[in-house]
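Residues in the sequence shown are numbered consecutively from 11, following my numbering.
Each residue gets a CB set at the ideal place from its N, CA and C atoms; glycine is no exception.
For clarity, every value in this text was computed on a predicted model and none was experimentally measured.
What follows is a short report on a single structure.
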Amino acid sequence: MADPFDAALDLLRRLPPSSTQNNLNGIISLRPDLEEDLLSSVDVSLTSRRCPKSGRDYLCCDYNRDGNSYRSPWSNEFEPPIEPDDAADLVPGGRVRRMEESLNSAVDVYRELYYEGGVSSAYLWALDEGFAGVVLFKKTASGAGKGGWDSIHVLEINEAATKRSAHYKLTSTVILDLGMSSSSVDNLDLAGNLTRQTQQDSSLSGFKDSDVEQGHVVNIGRMVEDMETRMRNLLQEVYFGKAKDVVGDLRSIQPLSEAERDKKAHREVISKMGR
Numbered sequence: 011m012a013d014p015f016d017a018a019l020d021l022l023r024r025l026p027p028s029s030t031q032n033n034l035n036g037i038i039s040l041r042p043d044l045e046e047d048l049l050s051s052v053d054v055s056l057t058s059r060r061c062p063k064s065g066r067d068y069l070c071c072d073y074n075r076d077g078n079s080y081r082s083p084w085s086n087e088f089e090p091p092i093e094p095d096d097a098a099d100l101v102p103g104g105r106v107r108r109m110e111e112s113l114n115s116a117v118d119v120y121r122e123l124y125y126e127g128g129v130s131s132a133y134l135w136a137l138d139e140g141f142a143g144v145v146l147f148k149k150t151a152s153g154a155g156k157g158g159w160d161s162i163h164v165l166e167i168n169e170a171a172t173k174r175s176a177h178y179k180l181t182s183t184v185i186l187d188l189g190m191s192s193s194s195v196d197n198l199d200l201a202g203n204l205t206r207q208t209q210q211d212s213s214l215s216g217f218k219d220s221d222v223e224q225g226h227v228v229n230i231g232r233m234v235e236d237m238e239t240r241m242r243n244l245l246q247e248v249y250f251g252k253a254k255d256v257v258g259d260l261r262s263i264q265p266l267s268e269a270e271r272d273k274k275a276h277r278e279v280i281s282k283m284g285r
């Protein structure tokens with residue numbers, strides 16, 4: 011008999027990507043004991059909340075969640091509030107919190123420049139030998155053409171003993187969901203996700219703690235930016251290029267009369283070349 015968790019993952023892989031959230035909720039309602047494992051293993055479209063203290067929006071994921079509460083990167087507080095003893099273990103402080111604040115400022119500028127809107131968030135937490143984090147982006151469009159872009163970049167950073175360099179491991183997932191409804195095309199849906207991973211060693215300059223912290227933020231930002239560019243190009247080639255080929259094979263943009271005229275002219279040229 012198959013393991014229920016493996017069977018659930020296998021089922022979600024075979025269902026439409028645009029309905030992952032609804033299908034995930036349905037599986038959890040049938041098997042509540044799988045909730046924690048599924049939520050930490052399955053990537054779904056991000057949701058946003060408004061921080062009551064700062065008035066700014068932030069993104070929710072499994073990495074800033076405790077039960078039904080989510081931590082805001084702007085106030086560093088959970089909403090709804092959680093027990094103080096739990097918050098002490100889940101809320102970052104010291105250098106990790108300082109880097110988190112700097113990283114949020116950096117990705118906020120990147121989001122405005124590249125996405126021209128949307129919401130971004132970054133979360134960091136301490137590890138035994140370094141720290142880890144996640145950088146999130148979400149952009150949605152509405153109107154005749156509806157769509158959504160969700161980027162999830164999970165990082166693990168291992169620092170050298172001298173703190174002169176660090177090893178960065180990045181796992182990135184992009185969830186794309188596009189749709190259009192009009193009289194000319196009827197209903198068109200294009201959805202899917204793409205995951206890529208990369209690792210690199212980068213140096214850290216400066217002797218002050220603030221310089222090392224800023225070096226981490228710069229290295230993380232550069233890695234995320236490079237990965238986003240690479241994945242955008244892959245999505246353009248795989249999703250849009252393939253969709254264009256399929257539509258081109260199924261439906262001719264030219265009227266039939268023009269297509270026949272072009273074919274006739276082509277045959278005449280070939281016949282004259284033969285003579």
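For His163 versus Val234, is the C-beta distance shorter than 8 Å?
Indexing the sequence shown from 1 puts residue 163 at position 153. Indexing the sequence shown from 1 puts residue 234 at position 224. It is a contact, given that the beta carbons lie within the stated cut-off.
Three-state secondary structure (DSSP) at Ile37?
On the sequence shown, position 27 is the one that residue 37 refers to. It is helical.
What residue from Glu87, Pro26, Asn33 has the CA that sits closest to Gly65's CA?
In the sequence shown, counting from the first residue as 1, residue 65 sits at position 55. The option with the nearest alpha carbon to Gly65 is Glu87.
Cα separation between Gly140 and Glu111?
Numbered from its first residue, the sequence shown carries residue 140 at position 130. Numbered from its first residue, the sequence shown carries residue 111 at position 101. Using only the alpha carbons, I get a separation of about 17 Å.
DSSP three-state call for Thr172: helix, strand or coil?
Within the sequence shown, residue 172 is the residue found at index 162, counting from 1. Coil, per DSSP.
For Arg174, tell me which candidate among Arg107, Gly225, Leu146, Phe147 has the shortest Cα-Cα distance.
As a first step, residue 174 must be located in the sequence shown, where it is residue number 164. When each option's Cα is compared against that of Arg174, the closest is Gly225.
With respect to the alpha helix (DSSP H) encompassing Ala18, which residues constitute its N-terminal and C-terminal limits?
Start at 1 with the first residue of the sequence shown, and residue 18 comes out as number 8. Taken as a continuous stretch (DSSP letters only), the alpha helix (DSSP H) holding Ala18 covers 14-24.
Sequence-distant residues of its chain with Cβ nearer than 8 Å to Asn114 (five each side left out):
Your numbering for residue 114 matches position 104 in the sequence shown. Around Asn114: Pro83, Trp84, Ser130, Ser131, Ala132.
Assigned exposure category for Thr239 - 16 Cβ within 10 Å defines buried
Indexing the sequence shown from 1 puts residue 239 at position 229. Exposed, because fewer than 16 other Cβ atoms sit within 10 Å of the Cβ of Thr239.
Tell me which residues share the same chain as Thr57 and place their Cβ nearer than 6 Å to its Cβ, disregarding the 5 neighbours each side in the sequence.
Walking along the sequence shown from the start, residue 57 turns up at place 47. Answer for Thr57: Cys70, listed in chain order.
Tell me whether Val248 sits in a helix, a strand or coil according to DSSP, three-state version.
Along the sequence shown, read from residue 1 onward, the residue named residue 248 stands at position 238. Note: Val248 maps to helix in three-state DSSP.
Which class does Tyr124 belong to by DSSP, given the choice of helix, strand or coil?
Here residue 124 refers to the residue found at position 114 when the sequence shown is read from its first residue. Helix.
Assigned secondary structure, Ser215 (DSSP; H/G/I helix, E/B strand, else coil):
By one-based count along the sequence shown, residue 215 stands at place 205. DSSP places Ser215 in coil when its eight states are reduced to three.
Any idea which residues DSSP pairs Trp135 with across the strands?
Here residue 135 refers to the residue found at position 125 when the sequence shown is read from its first residue. DSSP, once it has assigned bridges, lists Ala142 as partnering Trp135.
Does DSSP put Asn78 in a helix, a strand or coil?
As a working mapping, residue 78 is identified with position 68 in the sequence shown. Coil, per DSSP.
Straight-line Cα distance separating Trp135 from Ser215:
Here residue 215 refers to the residue found at position 205 of the sequence shown. Here residue 135 refers to the residue found at position 125 of the sequence shown. Each residue's alpha carbon lies about 22 Å from the other.
Does the Cβ of Gly104 have 16 or more other Cβ atoms within 10 Å, making it buried, or fewer, making it exposed?
Stepping through the sequence shown from its first residue, residue 104 is reached at position 94. Counting Cβ neighbours within 10 Å, Gly104 comes out exposed, since fewer than 16 surround it.
Among Thr30, Gly251, Val106, Val145, nearest to Thr181 - alpha-carbon criterion:
Sequence index remark: in the sequence shown, residue 181 carries index 171 (1-based). Nearest C-alpha to Thr181: Val145.
DSSP puts Ser130 in a beta bridge; with which residues?
For the purposes of this step, residue 130 is taken as residue 120 along the sequence shown, with counting starting at 1. The partner list for Ser130 (beta bridge, DSSP) reads Phe147.
Going by Cα to Cα distance, which pick from Pro102, Met237, Arg232 is closest to Arg206?
Position 196 of the sequence shown, counted from the first residue, corresponds to residue 206. Among Pro102, Met237, Arg232, the Cα nearest to that of Arg206 is on Met237.
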